[in-house]
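Here is the structure we will look at.
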Amino acid sequence: MTKMEKRPCNEPEVRKGPWTMEEDLILINYIANHGEGVWNSLARSAGLKRTGKSCRLRWLNYLRPDVRRGNITAEEHLLIIEMHAKWGNRWSKIAKHLSGRTDNEIKNYWRTRIHKHIKQSENFATLPLSNFEEPVFTNQVHSSYVPADNALSQSNDHNIWGMEDFWSMQLLH
DNA sequence: AATTTGTGCAACCGCCACCTG
DNA sequence: GCAGGTGGCGGTTGCACAAAT
Numbered sequence: 195m196t197k198m199e200k201r202p203c204n205e206p207e208v209r210k211g212p213w214t215m216e217e218d219l220i221l222i223n224y225i226a227n228h229g230e231g232v233w234n235s236l237a238r239s240a241g242l243k244r245t246g247k248s249c250r251l252r253w254l255n256y257l258r259p260d261v262r263r264g265n266i267t268a269e270e271h272l273l274i275i276e277m278h279a280k281w282g283n284r285w286s287k288i289a290k291h292l293s294g295r296t297d298n299e300i301k302n303y304w305r306t307r308i309h310k311h312i313k314q315s316e317n318f319a320t321l322p323l324s325n326f327e328e329p330v331f332t333n334q335v336h337s338s339y340v341p342a343d344n345a346l347s348q349s350n351d352h353n354i355w356g357m358e359d360f361w362s363m364q365l366l367h
């Protein structure tokens, strides 16, 4: 919340924006002890000043132990394209076929990598054939479209706390 | 070195469907 | 049948960081 907003004084304070390490730990600990439940009451019981929706999203997209982030493989890349052709923007449906992947990640991946390149190739299509480059999805392109390792480490770098850290801390309790 | 522009991703928003009383 | 609460989904936004100028 960047601006000061008026809020009725009887309404509980609701935090927005990026999650802090403390909040993550509270949520992880609470779910580890009590399991997932009704998210609104979970948020209240855990003492988090977040909406149930926000907690659910954070858990599903980031904190779940089985969630896999980054490093989309060529195989997954192909599956995404295939399933998107079949179902369109049904991200959650697509995500269910890619274990550990979230709809949010696939949606972002599509928008930032695949869709962008399709747009680009559409632009190429308006050019004379002599200017036309490789079709977007060839074997050759698979490797170039899979995020480079350094790009991944870059994206993981600003997560100072990896999920492994959280879960290893969890095991200590 | 400073500034601008582009990119990737986490998180929010709004809508809809389902459930329960 | 209706209203309120909740979960799930897809679209969009805001921000941090990288790359380009």
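Residue numbers (our numbering): 195 to 367. Glycine residues also receive a C-beta, built at the ideal position from the N, C-alpha and C atoms.
- Around the beta carbon of L272, fewer than 16 other beta carbons sit within 10 angstroms, so the residue counts as exposed.
- Taking all protein chains shown into account, E269 has fewer than 16 neighbouring C-beta atoms within 10 Å of its C-beta and is therefore exposed.
- No residue range can be given for S293, since it is assigned to no alpha helix (DSSP H) and is classified by DSSP as neither H nor E.
- Contact between I288 and M277 holds: CB atoms are separated by about 5 Å, below the 8 Å threshold.
- Taking A226 as reference, the option from G211, W281, P259 with the minimal CA-CA separation is P259.
- Beta-carbon to beta-carbon, Y303 and I274 are separated by about 7 Å, close enough to satisfy the 8 Å threshold.
- Closest by C-alpha distance to A279, out of R263, G294, S248, I308, is I308.
- Burial check for T296: the Cβ neighbour count within 10 Å reaches 16 or more, so the residue is buried.
- Contact between E299 and R250 is ruled out by a C-beta separation of about 16 Å, above the 8 Å threshold.
- Boundaries cannot be given for L254, as no alpha helix (DSSP H) includes it and DSSP labels it neither H nor E.
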